[in-house]
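In my numbering, the protein residues as written are -13 to 251. Structure first, commentary second.
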């Protein structure tokens, strides 16, 4: 039995099938390897106050949303992550064999889901976001319900030096609405020419941003999202990998949602 077969065996062994699909589902992305950590251990298993980050994210979801189902996407060090968490109620695992990006990880998670209503809420969280807590999840849920949007992004404000900000930048319309147009990853910003502005269209109007403007934009994408399942399932297959990293970015869904006329908050 090769390594992939062994991992799939553990996925099947440790996944529990909920009796009823609830209207709320969390997808925890735990397939990454954490290049910057330079560690043999999965970055998902590095601890904060003695608790691995992926377990802290899992616990925050369970406490933040009553009765939530969870899919944990594993990849690098998959067996280590699954064997640590074990088999849990209303929790399934999905195996991302190749690390092709966050959008691909969500595609993998959705492949095994059935009978989910279109208006169900799907939360997506990074498995290494160990400082998130249940109160943040609760507030994020409330904000999503109040917004009546099809998609919402949890953002933050970076307080360090712009060149140290490795997060994707939130690009908003330069008008009174301040609506989210798209997210641009830092590596894609750095790859832009210095002498030409980046141009994008939103609701029929062109917006222009200099490279320097984008670098110094301190509003960043936390990696936490919420979607209506029907819209997510419809659009997730339209993602492409035409970017500097040749990865399928989940963040590109913002532009796709805007093009389709779906609401983003």
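The beta-carbon is built from N, C-alpha and C at its ideal position, and this holds for glycine as well.
In this structure, residue 43 sits away from residue 80, with a CB-CB distance that is not shorter than 8 angstroms. Residue 207 carries a strand assignment under DSSP once its states are collapsed to helix, strand and coil. Residue pairing by DSSP places residue 10 opposite 107 in a beta bridge.
Annotation: the continuous beta strand (DSSP E) that includes residue 140 extends over 137 to 143.
Taken through DSSP and simplified to helix, strand or coil, residue 226 comes out as coil. Counting of Cβ neighbours within 10 angstroms places residue 116 among the buried residues, the total reaching 16 or more.
For residue 65, the enclosing alpha helix (DSSP H) begins and ends at 64 to 71. Residue 61 is bridged by DSSP to 63. With a threshold of 16 other beta carbon atoms within 10 Å, residue 94 meets it and is buried. Per DSSP, the beta-bridge partners of residue 55 are 11. A residue is called buried when at least 16 other Cβ atoms come within 10 angstroms of its Cβ; residue 28 meets this threshold and is buried. By the beta-carbon neighbour count (other beta carbons within 10 angstroms, threshold 16), residue 215 is buried.
Residue 185 is bridged by DSSP to 194. By the Cβ neighbour-count rule, residue -2 is exposed, with fewer than 16 other Cβ atoms within 10 Å of its own. Taking residue 136 as the centre and dropping the five residues before and after it, the same chain places the C-beta of 213, 214, 217, 243, 248, 249, 250 closer than 8 angstroms to its C-beta, in chain order. Shown here for residue 126: same chain residues with a beta carbon closer than 6 angstroms to its own, the five before and five after excluded, namely 140 in chain order. Per DSSP, the unbroken beta strand (DSSP E) holding residue 77 starts and ends at 77 to 81.
Note: residue -3 is not bridge-paired with any residue in the DSSP secondary-structure output. Beta-bridge partners assigned by DSSP to residue 33: 38. The shortest CA-to-CA distance from residue 89 to any of 182, -11, 30, 15 is the one to 15.
Our two residues, residue 164 and residue 54, have alpha carbons roughly 32 angstroms apart in a direct line.
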